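See structure below.
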Amino acid sequence: MKKISKAVFPVGGMGTRFLPATKSIPKELLPIIDKPLIQYAVEEAIDAGIETLIFITSASKHAISDHFDPMPDLRAKFVAENKQHLVDKLDTLPLEIQRVFIPQGQPLGLGHAVLQAKPLIEEDEMFAVILADDFIQANNNPLRRLLTLAEQQGAATISVEAVAPERISSYGVIAPDVWHDDYAQVNAIIEKPAMVDAPSEYGVIGRYVLPYSVFAALNQVKMDQNNEIQLTDALKVLIGQSGLQAVKLLGQRFDCGSQDGFVMANLHVALQDETLLKKIKDYLSKWD
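Okay, so the sequence shown: first residue is 33 according to our numbering, each after it adds one.
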């Protein structure tokens, strides 16, 4: 099978849960300490071997493109001042990596966003989809595992994690077949089931590897009650065609599309820095 070299980043959402900040700042540029969410996602993709980044964006999100632009004048200034640590922070994207920006138009759901990438995907290749909102900290690159399994099996592959029962109704939940260590074939997916109707504890999270045939599936499914095209509905179609497999996430995920997840992600990263850790402990001691 052809090497998977393209990743789609749906970044056209409005970020309403972070208003008023997202009036002018795309939610994907909100930082975890000093690095934006979208940069973490891009670095994960490049580390996994992705060579072309496809951003499905909106007219108001030029700042995402600006973030990845080189800044030769500022770079030259830092080099002349021997400030290599700042030079490193400017190099947000290797020069050999291609990036493409496609306007989504109206934000009509994740499935609609993925559908916009069709002209850039060849019929004999698979591609990744990465949601920057899902901030993942793991010892091993979670996307690489999905790419490897998808290339071996030639089938769509998704990332899942165990979800607390009280949150299960916020996820697409899989009915897995037999687990083989960290992966299983998927027999069914139910979108946002009630806790009593959930077929398992495993919810789908923001890492996917999909075949070209997903575009036909997306054109086949109907809009939901919110007039959105859901990717989950297209995954159901793939189950009956070429199959679908799930991989358990071996790491820690923070839903940075929510305020509590975003705060916890910042705290998690801050606690890994000795200086920030000390300052946090000193601050919290005042609350004893």
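The beta carbon of each residue, even a glycine, is placed where N, CA and C say it ideally should be.
A quick note: this is a predicted structure, and the numbers were derived from the prediction, not measured.
| query | result |
| --- | --- |
| Burial state of glycine 45 (16 or more Cβ within 10 Å) | buried |
| Residues bridged to alanine 188 [DSSP beta-bridge criterion] | Leu276 |
| Selection from Gln257, Leu263, Glu198, Glu113 that minimises the alpha carbon distance to glutamate 233 | Glu198 |
| Terminal residues of the alpha helix (DSSP H) in which threonine 264 lies | 263 to 271 |
| CA nearest to the CA of isoleucine 88, picked from Pro63, Gly137, Ala196 | Gly137 |
| Reference valine 236, options Gln257, Phe100, Val210, Val195, closest by Cα | Val195 |
| Residue interval of the alpha helix (DSSP H) (run including valine 228) | Unbroken run through valine 228: none, as it is neither H nor E. |
| Isoleucine 237, DSSP secondary structure in three states | strand |
| Three CB pairs or more closer than 8 Å across the segment 261 to 268 and the segment 165 to 176 | no |
| Helix, strand or coil at glutamine 284 according to DSSP, with G and I counted as helix | strand |
| Inter-residue Cα distance where the pair is valine 119 and phenylalanine 100 | 14 Å |
| Alanine 77 and isoleucine 162 closer than 8 Å at C-beta | yes |
| Three-state secondary structure (DSSP) of isoleucine 206 | strand |
| Same chain, Cβ closer than 6 Å to lysine 260, five either side skipped, listed in chain order | As written in the sequence, residue 260 is glutamate, which differs from the lysine given in the question. The residues are Leu140, Gly141. |
| Best match in Ala248, Glu157, Pro174, Met158 for proximity to glutamine 284 [C-alpha to C-alpha] | Pro174 |
| Residues sharing a beta bridge with glutamate 193, DSSP | Gly235 |
| Assigned secondary structure, asparagine 298 (DSSP; H/G/I helix, E/B strand, else coil) | helix |
| Neighbour-count burial assignment, lysine 59, 16 or more Cβ in a 10 Å radius | buried |
| Nearest candidate by alpha-carbon position, reference valine 146, set Ala248, Ala91, Ala112, Leu62 | Ala248 |
| Residues bridged to threonine 84 (per DSSP) | Lys38, Gln130 |
| Boundaries (first-last residue) of the beta strand (DSSP E) holding phenylalanine 159 | 159 to 162 |
| Proximity to leucine 250 [Cα-Cα], best of Val241, Asn258, Arg239, Val269 | Val269 |
| Beta-bridge partners of phenylalanine 110, as assigned by DSSP | For phenylalanine 110, which the question treats as bridged, DSSP gives no partner whatsoever. |
| Of the residues His212, Asp213, Pro225, the one placed nearest isoleucine 206, counting alpha carbons only | Pro225 |
| Anticipated Cβ contact below 8 Å, alanine 80 with leucine 179, distance rounded | 6 Å |
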